[in-house]
Amino acid sequence: MDYKVIKYSEISRSQWNANIESLCGHLHLVSWENLNYYSAFNKIANKSFLIQIDKQIYSAVPVAINKNFKKHFFGFNYGYCPSPIFKKDIKPSLRRKLYNVIIEELKKIGRKTITKLNLFTHPAIVSRRSEINSKNQFELLSFNPEINIVNTLIMELNKSEDIILSNLSKYHKKNIQKGIKNNLRFNVYDSNTDRILLKKIFLEFKNLHFKSAGRLTRPKLTWDVMYNLILDNHADLFSISLLNKNISFLYCGKYQDYSWGWSQVNHDKYEKKYMPRHLLEWQTILHYKNKLFKFYEIGERLYFKKGKKITRKETSISEFKEKYGSENYPKAYFKIKI
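Heads up, the sequence shown stops at 587 in our numbering, and the numbers go up one at a time, no gaps.
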């Protein structure tokens with residue numbers, strides 16, 4: 250097969266995004282902005298590329314070399330790459346050939362010393378009219394990989410507000426009403442927010458993360474990228490305030506009509522008494538619904554098991570997310586030897 254490889258590093262932001270928009274799949278995970286964020290972590294070398302055939306783009310391959318361990322592998326900061334996306338409605342035989350091409354290119358990039366590829370598939374087909382679809386989501390089984398399947402919670406926002414509200418747990422409804430009675434205020438900080446104010450509020454968000462964790466949890470560059478994503482209208486920052494003091498933050502990404510929760514933090518002093526996260530997530534859901542977004546991804550539903558890396562805290566957080574009453578859709582994580 251005659252093809253041309255176009256490296257992420259060789260083209261502009263606008264060129265990369267224009268090319269992936271001609272493809273089909275989880276575009277929000279393959280966008281220039283998302284890959285730029287993934288690449289802002291330490292010891293991550295972004296090696297993403299496009300495959301062009303007859304002057305048309307047929308595939309985008311988001312990939313990085315992760316150098317955070319003694320033995321390097323293909324994976325971004327969280328250990329995995331989003332799976333490749335392809336031109337819509339190509340023949341199954343061509344998809345298989347393109348995967349073979351991708352593996353050969355990865356061998357070149359890894360200089361035959363990197364033999365482990367970690368990636369995941371996602372059920373969201375993101376475009377101007379997004380949908381949830383598991384078509385071809387498990388085609389990587391043909392590579393005989395290690396596989397782990399989890400559920401991710403995705404809410405359909407085109408339902409009526411009454412239906413969405415009825416799906417919430419009694420516990421969540423109770424604490425949302427509690428937040429309203431306590432005069433908690435919902436705030437939106439986006440690309441239209443005054444720059445001086447936005448910078449001040451974002452610094453509050455960043456500092457609260459540091460205070461809550463007791464340490465710097467990610468490189469400074471990642472915070473700079475997150476701030477710029479708000480300026481470029483690829484992300485929003487929401488907060489709950491009490492008497493003009495922000496006590497809870499939620500940072501969300503967005504692409505076309507798809508939105509997702511990204512980073513959340515509460516002020517420990519007020520968390521137990523006011524339960525601000527309940528009202529914060531609920532108002533965020535309504536915000537994106539009113540903006541005519543079609544989906545809001547709350548996050549993965551994890552289950553605690555002895556001997557597994559998933560902690561009780563992570564399980565508790567995912568139980569909280571589940572109580573918003575969204576649907577469960579599969580995400581598949583693959584570890585492939587190349």
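Backbone N, C-alpha and C fix where the C-beta goes; we use that ideal spot for every residue, glycine too.
The DSSP-derived three-state label of I339 is coil.
Per DSSP, the beta bridge partners of S488 are N436 and F498. When DSSP states are grouped into helix, strand and coil, P579 belongs to the strand group.
For A309, the uninterrupted beta strand (DSSP E) segment begins and ends at Q305 to V310. Under the 8 angstroms Cβ criterion, the region 362 to 371 counts as touching the region 329 to 338, having at least three qualifying pairs.
With a contact defined as Cβ atoms closer than 8 angstroms, N285 and V474 qualify at about 6 angstroms. A contact is defined here as three or more CB-CB pairs under 8 angstroms, and the region 500 to 509 meets this definition with respect to the region 479 to 492. The beta carbon of N431 sits closer than 8 angstroms to those of L491 and Y523, all from its chain and outside the five residues before and after it, given in chain order. A straight-line Cα-Cα distance of about 12 angstroms links L390 and R345. Nearest in C-alpha terms to E520, of all of D251, L278, T466 and K427, is K427. Cβ-Cβ distances below 6 angstroms link R262 to W281 in the same chain, with the five nearest sequence neighbours on each side left out; the list follows chain order. Cβ contact annotation for I302 (same chain, cutoff 8 angstroms, sequence separation greater than five): M250, D251, Y252 and K253, in chain order. In the three-state reduction of the DSSP assignment, V514 falls in the strand class. For K423, the enclosing alpha helix (DSSP H) stretches over residues K419 to K430. Annotation: S271 to P341 spans about 18 angstroms, alpha carbon to alpha carbon.
Separation of the CB atoms of N397 and Y257 is rounded to 27 angstroms, and the pair is thereby denied contact status at 8 angstroms. K586 is bridged by DSSP to K365. Under DSSP, the beta-bridge partners assigned to S508 are K503 and Y545.
The beta carbon of F498 sits closer than 6 angstroms to those of F454, S488 and V514, all from its chain and outside the five residues before and after it, given in chain order.
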